[in-house]
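A.B. asks: Position one of the sequence shown corresponds to residue 7 (the working numbering), numbered consecutively onward.
Note that CB positions come from ideal geometry on N, CA and C, so glycine has one too.
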Amino acid sequence: MKKSFTLFSLLLITAPVTIALAHSGATGIVKERVDMFKKNQGNLKAIKSHIGSEDYESIVKLADEIRDWAVKMPEYFPEGSNEKPSEASPAIWTDFDGFKNAAMKNETAAKQLIDAAKAEDQKAVVDGFKAVAVSCKSCHQSYKLD
Ligand code: HEC
7 MKKSFTLFSL LLITAPVTIA LAHSGATGIV KERVDMFKKN QGNLKAIKSH
57 IGSEDYESIV KLADEIRDWA VKMPEYFPEG SNEKPSEASP AIWTDFDGFK
107 NAAMKNETAA KQLIDAAKAE DQKAVVDGFK AVAVSCKSCH QSYKLD
């Protein structure tokens, strides 16, 4: 009885640690790319608020980071690097050309947004922003598990 009680307390103590690890358990290249994707999402959010205030300079800078990452993205997906907790779909490697193409569309959309922001053309900026968001979503639909 005493023994099982001890074991139970031990479980209570260690359980939160285990849970925390499960959520941030990504290591190596998976962690690196997930961090980049999270940054991307932050950039997209920030761009949205800069569109509201017509702060084109900030938009250029943030969209440029999105473009940089789009160019590097395929290198961060070496074959078979989808162990848990990665959400990378195996489809990435059965259709790597399609995956690279999706990254290229993201790059092109980011370039469109950069050009629009440099021209301080608010309508084109909104269109560019939408194109970027669509390119994120469309890659996720084909190549990210959720
Ligand atoms: C060419 C494909 C592709 C494009 C383009 C792309 N993503 Fe992703 N994204 C992925 C894949 C694949 C994963 C899963 C990576 C993993 O878990 O190993 C992912 C994961 C993520 C995650 C999850 C990170 C986490 O918390 O686990 C976020 C957030 C994200 N992407 C945001 C974006 C945003 C924002 C854009 C556009 C600016 C974008 N992605 C463009 C393929 C893409």
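Would you say the beta carbon of R73 comes nearer than 7 Å to a heavy atom of ligand 1?
C.D. replies: Residue mapping note: residue 73 aligns to position 67 of the sequence shown, counting from 1. No - ligand 1 has no heavy atom lying nearer than 7 Å to the Cβ of R73.
A.B. asks: Please report the straight-line C-alpha distance between E60 and Q128, rounded to a whole angstrom.
C.D. replies: Stepping through the sequence shown from its first residue, residue 60 is reached at position 54. Stepping through the sequence shown from its first residue, residue 128 is reached at position 122. Computed Cα separation, rounded: 7 Å.
A.B. asks: How about S87 and K150: are their beta carbons less than 8 Å apart?
C.D. replies: What you label residue 87 is simply residue 81 of the sequence shown in a count that begins at 1. What you label residue 150 is simply residue 144 of the sequence shown in a count that begins at 1. Not closer than 8 Å, so no.
A.B. asks: Which of the three DSSP states, helix, strand or coil, is assigned to L27?
C.D. replies: Sequence index remark: in the sequence shown, residue 27 carries index 21 (1-based). Unreliable placement is indicated for L27, whose pLDDT of 42 sits below 50; no coordinate value is reported for it.
A.B. asks: From the DSSP output, which residues share a beta bridge with K150?
C.D. replies: Within the sequence shown, numbered from 1, the residue matching residue 150 stands at position 144. According to DSSP, which records beta bridges pairwise, K150 is partnered with A94.
A.B. asks: Touching or not, the stretch 133-149 and the stretch 103-116, by the rule of three or more beta carbon pairs under 8 Å?
C.D. replies: Counting Cβ pairs under 8 Å, three or more are found: they touch.
A.B. asks: Hey, out of K45, I65 and R39, whose CA is closest to K54's CA?
C.D. replies: The count along the sequence shown starts at 1 and reaches residue 54 at position 48. The shortest Cα separation from K54 among K45, I65 and R39 belongs to I65.
A.B. asks: How far does the alpha helix (DSSP H) with D103 in it reach, from first residue to last?
C.D. replies: Along the sequence shown, read from residue 1 onward, the residue named residue 103 stands at position 97. Note, D103: alpha helix (DSSP H), F102 to K124.
A.B. asks: Quick one: is the Cβ of V40 within less than 7 Å of any heavy atom of ligand 1?
C.D. replies: In the sequence shown, residue 40 corresponds to position 34, counting from 1. Yes, the beta carbon of V40 sits closer than 7 Å to at least one heavy atom of ligand 1.
A.B. asks: Excluding the five sequence neighbours on either side, which residues of its own chain have a C-beta within less than 7 Å of the C-beta of A97, listed in chain order?
C.D. replies: The residue labelled residue 97 in the question sits at position 91 within the sequence shown. Cβ within range, chain order: S148 and Y149.
A.B. asks: Apart from the five residues on each side of it in sequence, which residues of its chain come closer than 6 Å, Cβ to Cβ, to A109?
C.D. replies: Numbered from 1 along the sequence shown, position 103 holds the residue referred to as residue 109. Counting only Cβ-Cβ distances below 6 Å, and skipping sequence neighbours, we find A76, M79 and P80.
A.B. asks: Give the single residue among C145, D152, L119 and K124 whose Cα lies nearest to the Cα of A137.
C.D. replies: Here residue 137 corresponds to residue number 131 of the sequence shown, with the count starting at 1. The shortest C-alpha separation from A137 is found at L119.
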